[in-house]
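Chemist:
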């Protein structure tokens with residue numbers, strides 16, 4: 010019999026690293042009205058000059074000759090900063106009063122000379138496209154000023170940084186800059202009107218909801234709407250609970266809605282099977298509490314989890330109940346939602362990718378391939394008493410035109426095989442077993458129904474096991490194992 014335990018805050022049994030090792034620290038440096046030295050008249054130097062001036066810098070350009078792009082830039086000038094062209098090479102005097110020094114050097118000797126000169130007078134230096142002579146980097150920029158996002162790969166892969174920037178660009182509405190300006194306008198009034206802590210946080214959470222909504226962008230916030238937000242923030246509102254599907258493991262399988270929920274959470278109650286990479290996407294300040302339930306292991310009681318959700322929500326907390334896979338498939342979400350409803354606590358659900366879907370994607374096999382199956386069934390592998398569920402239509406599961414996927418079925422493999430064969434399903438029916446789906450330690454076995462128990466045992470896995478039965482797996486019916494790290498190779502070989 011398993012020992013019951015209460016929810017525990019992360020740190021006592023499972024340590025989640027809040028900040029992984031950093032190759033470089035991202036800093037945001039004000040250049041308004043400051044002197045910057047730029048050596049070189051090339052196109053690459055022109056781009057840096059334009060960027061620096063856009064941040065308000067006074068850019069002193071040292072170059073005997075300018076390429077055409079740079080000449081046009083100097084003629085056009087800058088909206089915010091300004092350019093000063095010195096038609097000569099840089100010298101030690103050039104660095105006087107400078108806060109940054111940048112150069113596009115034509116040779117390694119020139120790069121080293123510029124680097125050493127800047128270092129000797131204590132000015133941070135960057136030689137374009139020459140990492141050994143760079144004390145800082147520019148990275149790729151997403152500009153929604155005053156919202157500015159910088160992406161760096163520490164010089165390892167600039168193209169990758171640019172690709173990341175493009176993806177972020179697609180997620181952020183262009184109107185975000187207007188909302189950010191509006192935030193600057195009301196910030197002073199918020200600080201005078203609301204207390205530090207929960208009140209201000211509630212105001213800004215509502216403000217952010219508006220910024221990412223589809224409503225039109227106001228140039229200014231009218232007094233009535235501002236007063237309404239202040240009033241909402243000044244009162245402790247009842248919290249809410251969001252059931253979020255974390256998917257089978259890989260954090261890249263999260264939906265955008267799930268990520269937004271994690272970023273807005275005050276408290277995260279997560280299952281034992283949720284991967285650490287998913288938790289790393291949550292708001293840093295959110296309290297994380299593990300409320301894991303694992304078959305045959307020390308587990309939290311569902312009643313304790315329900316009580317905890319209710320208690321936290323009544324404190325005004327935004328609670329995320331983070332579940333592996335999809336909350337609505339074998340996740341006991343129905344019980345949690347019913348309890349929250351009985352208590353009058355608002356709740357919502359963010360669906361996730363269920364393990365069966367991830368398994369099919371990982372294998373490259375359709376669970377409803379038109380030549381083999383016209384339906385798919387998800388079946389629990391065990392009942393509350395730890396035995397096979399008797400209220401399942403086992404005879405119906407022998408339909409050859411159906412793909413059946415058993416969840417939480419590892420310990421029931423032998424009984425499942427025997428029951429299906431006894432009900433008339435051929436012992437040679439193709440079977441696929443996977444464990445730790447979409448994770449780095451994923452493993453699988455394929456074979457026939459008669460050998461199912463041996464196949465599951467051969468994986469020697471302590472992780473969640475999924476058993477899939479049906480003719481859609483006929484191409485992998487020849488018995489084989491796929492160990493961690495070999496899944497992709499096996500997929501190619503069996504395709």
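Numbering (the numbering used here), first residue to last: 10 to 504. Idealized CB from N, CA, C, for every residue including glycine. Since the structure is predicted, the reported quantities are computational estimates derived from the model, not experimental observations.
1) Quick one: complete beta strand (DSSP E) runs, 3+ long, within the stretch 334-381?
2) Helix, strand or coil for residue 76, going by three-state DSSP, please let me know.
3) Can you check DSSP and say which residues form a bridge with residue 67?
4) Can you find the residues in the same chain that come closer than 8 Å, C-beta to C-beta, to residue 346, ignoring five residues on each side of it along the sequence?
5) At 4 residues or longer, what runs of the alpha helix (DSSP H) sit wholly inside the stretch 164-218?
6) So, helix, strand or coil for residue 287, using DSSP?
7) Beta carbon of residue 290, beta carbon of residue 271: below 8 Å?
8) With the cut-off set at 8 Å, would you say residue 478 and residue 377 are in Cβ contact?
9) Check whether the stretch 423-436 touches the stretch 394-406, counting contact only when three or more Cβ pairs, one atom from each stretch, lie closer than 8 Å.
10) I need the boundaries of the alpha helix (DSSP H) containing residue 464, first residue and last residue.
11) For residue 67, count neighbouring C-beta atoms within 10 Å of its own C-beta (all shown protein chains included) and say buried if the count is 16 or more, exposed if not.
12) Of all the options 74, 49, 455, 159, which has the alpha carbon lying nearest to the alpha carbon of residue 33?
13) For residue 464, I'd like the list of residues in its chain whose CB is within less than 6 Å of its CB, leaving aside the five on either flank, ordered along the chain.
14) Under 7 Å Cβ to Cβ from residue 286, same chain only, skipping five residues before and after it: list those, please.
15) Buried or exposed: residue 406, going by 16 or more other Cβ atoms within 10 Å of its Cβ?
16) Roughly how many angstroms separate the alpha carbons of residue 29 and residue 294, rounded to a whole number?
17) Only counting runs of 3 or more residues, tell me where the beta strand (DSSP E) segments fall wholly within the stretch 373-457, in order along the chain.
18) Would you mind working out which of 88, 84, 81, 51 sits nearest residue 64, comparing C-alpha positions?
19) Taking the alpha carbon of residue 40 as the reference point, which residue from 90, 53, 48 has its own alpha carbon closest?
20) Please state whether DSSP places residue 300 in a helix, a strand or coil.
21) What do you get for residue 37, buried or exposed, if any count of 16 or more other CB atoms within 10 angstroms of its CB means buried?
22) Could you give the distance in angstroms between the alpha-carbon of residue 154 and the alpha-carbon of residue 352?
23) Can you give me the C-alpha to C-alpha distance between residue 143 and residue 56, rounded to a whole angstrom?
24) For residue 130, which residues of its own chain have a beta-carbon under 6 Å away from its beta-carbon, when the five flanking residues on both sides are left out?
25) Here's a check: name, in chain order, each residue in its chain whose Cβ is nearer than 6 Å to the Cβ of residue 258, leaving out the five neighbours to either side.
26) For residue 296, which of 278, 311, 247, 312 has the nearest alpha-carbon?
27) Residue 109 bridges to which residues according to DSSP?
28) What's the call for residue 168, buried or exposed, on a 16-neighbour Cβ count within 10 Å?
29) Give the range of the beta strand (DSSP E) segment to which residue 279 is assigned.
30) Note down, in chain order, each residue of its chain lying with its Cβ closer than 8 Å to the Cβ of residue 10, except the 5 sequence neighbours on either side.
31) Within the same chain, show all residues whose beta-carbon is closer than 6 Å to that of residue 437, passing over the 5 residues directly before and after it, in chain order.
32) Considering only DSSP beta bridges, list what residue 149 is partnered with.
33) How would you call residue 35, buried or exposed, if buried means at least 16 neighbouring beta carbons within 10 angstroms?
34) I need the straight-line Cα distance from residue 177 to residue 220, nearest angstrom please.
35) Give me, in chain order, the residues of the same chain whose beta-carbon lies closer than 7 Å to that of residue 480; leave out the 5 immediate sequence neighbours on both sides.
36) Taking just the CA atoms, how far does residue 195 sit from residue 234?
Modeler: By the coordinates alone:
1) 356-359
2) coil
3) 44, 91
4) 252, 356, 358.
5) 167-180, 185-202
6) helix
7) yes
8) Contact flag unset, no.
9) yes
10) 461-468
11) buried
12) Of 74, 49, 455, 159, the residue nearest in Cα terms is 159.
13) Hits under 6 Å: 442, 454, 456.
14) 260
15) buried
16) 15 Å
17) 384-389, 411-416, 439-444, 452-457
18) 88
19) Looking at the Cα atoms, 90 is the closest of the given residues.
20) For residue 300, the secondary structure class from DSSP, reduced to helix, strand or coil, is coil.
21) exposed
22) About 44 Å.
23) 17 Å
24) 104
25) The beta carbon of residue 258 lies closer than 6 Å to those of 284, 447, 448 in the same chain, with the five residues before and after it left out.
26) Of the listed residues, the one whose Cα sits closest to residue 296 is 278.
27) Answer by DSSP bridge pairing, in chain order: 45.
28) exposed
29) 276-279
30) Confidence at residue 10 is low in this model, with a pLDDT of 40, below 50, so the placement of that residue is unreliable and no value is reported for it.
31) 457
32) Residue pairing from DSSP places residue 149 in a beta bridge opposite 160.
33) exposed
34) 16 Å
35) 381, 382, 409, 439
36) 12 Å
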